[in-house]
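Numbering (UniProt numbering), first residue to last: 1 to 514.
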């Protein structure tokens, strides 16, 4: 037998009433009473066993009411035909209760003996039908909710632990009441943290946790927790207990765990306590996120920074100092001798100093920008134009935007792009700075009306040391790329309508359009 589609808790009920002939007054009155109730959507009659079985198989209803004492009705047969958990109310006129017990054992939801007072019968019948259906619906919906929850729990991409902290909370409350400074107590008595952790009752873990901890089964994981928890895990858990003692019901921290195969895992753990368990902590959910790769990358970045710092120190002291000495001797020599060769040496010194400055900029300014400020583009561009030797070159600023950036490093970007334009396109070049307004590519551009950059060279020009002019250091555009990367921006090299070089910087956080 099928259920009606879309039957929710509180919806009107459809009923099949089995019993009494078509002309049976008592049955007719019962049906009329049911139909008059707002809680009853429809009532369909079946006067015989055969009719009831046939229609129960083809017409879905929410409840079946069957008169076991009615002529032409075999109540047990009708009951056996009703499947799929449809509520079934067995009605008896007489009996000592044994038949009602048998009906319940065979699957009836309710049994009802028709009262001697006929005036009470309609209300009793309606109430019984409604209660039987609502109980079934509540069970179904709670079951559906549980199924959805379990599905979400097991198939969640995160590692989830479902735990009971109630015993730990009782111990924590006792400790908190006994000591003046819980933080100091946990710090000087680290074994207390282990005792609190030992009191946790782990209810379940999801399937993703098994793969993460390299466990063949939940039992294997839960019976080997001593292999999962590291000393660092216990140390970091102290902060969680302090937060819980302060009444916090969410907490996030970093820790180090271990798989059953011994692999160390850097993790971010997030604790959440549902509101209904805030007082007892009988249900606590922990989600774990693997950050092992991120930590590995951070260590590698730190090693790179250390090497860059060491390199910067060498450049700053071991190259700059001898260069300063050489420049001093050259100045003295030029006072005594007017020679073109000495002028060539001076130009070589200038180039060496430019190289040193650019190398230092690359080495020291490779870090990410983590605290940008609003910066007006036009103001920065004008300042950069004044600080670069531009000769007869012209500047067109076609932007009023304010962007979020590190102003010092943004100046580095513009200075190097302006210098690149003048060096490659000549003193009479026109440099234009404007807005990029393409969908999902907000930003700005710097272009010139020079010869441009061949398409096959555009990827290589940002490599450190790449240059096509004798006076260039080959680091200018590498610095531009580095500044863009540090901000999380994208740098695209193309050509403008006049064929000149065009550098587009996109992915920019635009604060104001001007």
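Cβ coordinates follow ideal geometry from the N, Cα and C atoms, glycine included.
Sorting 87, 405, 113 by C-alpha distance to the C-alpha of residue 99 places 113 at the top. Annotated as proximal: residue 404 and residue 373, with beta-carbon spacing under 8 Å.
Distance from residue 36 to residue 16 at the Cβ level is roughly 17 Å; contact not present, criterion being Cβ atoms closer than 8 Å. In the DSSP assignment, residue 46 forms a beta bridge with 18. With three or more CB-CB distances shorter than 8 Å, the segment 240 to 258 counts as touching the segment 159 to 175. The Cβ-Cβ distance between residue 257 and residue 228 falls below 8 Å. Take the alpha-carbon of residue 38 and the one of residue 167: they are about 49 Å apart. With contacts defined as CB atoms closer than 8 Å, residue 266 and residue 292 qualify as a contacting pair. Judged by DSSP secondary structure, residue 266 falls outside any alpha helix (DSSP H) and instead within the beta strand (DSSP E) spanning 264 to 272. Within a 10 Å sphere around the beta-carbon of residue 513 sit fewer than 16 other beta-carbons, which makes this residue exposed.
Between residue 377 and residue 480, the C-beta spacing is not below 8 Å.
Residue environment for residue 75: buried (at least 16 other C-beta atoms within 10 angstroms of its C-beta).
Residue 91 and residue 14 have their alpha carbons spaced roughly 18 Å apart.
In this structure, DSSP gives residue 306 a helical state, which the three-state scheme calls helix. The shortest CA-to-CA distance from residue 410 to any of 56, 445, 204, 398 is the one to 445. If the five residues before and after residue 353 are omitted, its C-beta is found closer than 7 Å to the C-beta atoms of 323, all from its own chain and listed in chain order. In the three-state reduction of the DSSP assignment, residue 165 falls in the coil class, being assigned neither a helical nor a strand state.
Looking from the CA of residue 423, the closest CA among 128, 449, 195 belongs to 449.
The three-state reading of DSSP puts residue 496 in coil, since its state is none of H, G, I, E or B.
Of the candidates 430, 418, 176, 12, the residue whose Cα lies closest to the Cα of residue 130 is 12. With a threshold of 16 other beta carbon atoms within 10 Å, residue 482 meets it and is buried.
If you draw a straight line from the Cα of residue 136 to the Cα of residue 63, it comes to about 10 Å. With respect to residue 451, residue 425 sits close: the two C-beta atoms are nearer than 8 Å. DSSP places residue 322 in no beta strand (DSSP E) but in the uninterrupted alpha helix (DSSP H) bounded by 320 to 336.
If you check the CB distance, residue 398 and residue 432 come in under 8 Å. Residue 31 sits away from residue 18, with the two beta carbons spaced by 8 Å or more. For the 8 Å CB-CB criterion, residue 307 and residue 356 do not form a contact. In this structure, DSSP gives residue 292 a helical state, which the three-state scheme calls helix. Look at residue 400 here: in three-state DSSP terms it is coil, with no helix or strand label. The continuous alpha helix (DSSP H) containing residue 417 extends over residues 407 to 425. Contact check for residue 201 and residue 163: beta-carbon distance about 7 Å, within the 8 Å limit, so the pair qualifies. Contact annotation: residue 490 and residue 506 have beta-carbon atoms nearer than 8 Å. If you look at residue 212, you'll find it in the alpha helix (DSSP H) that goes 207 to 212. Residue state for residue 437 is assigned as strand, using DSSP reduced to three classes. If you check the CB distance, residue 401 and residue 510 come in under 8 Å. For residue 234, the enclosing alpha helix (DSSP H) covers residues 231 to 245.
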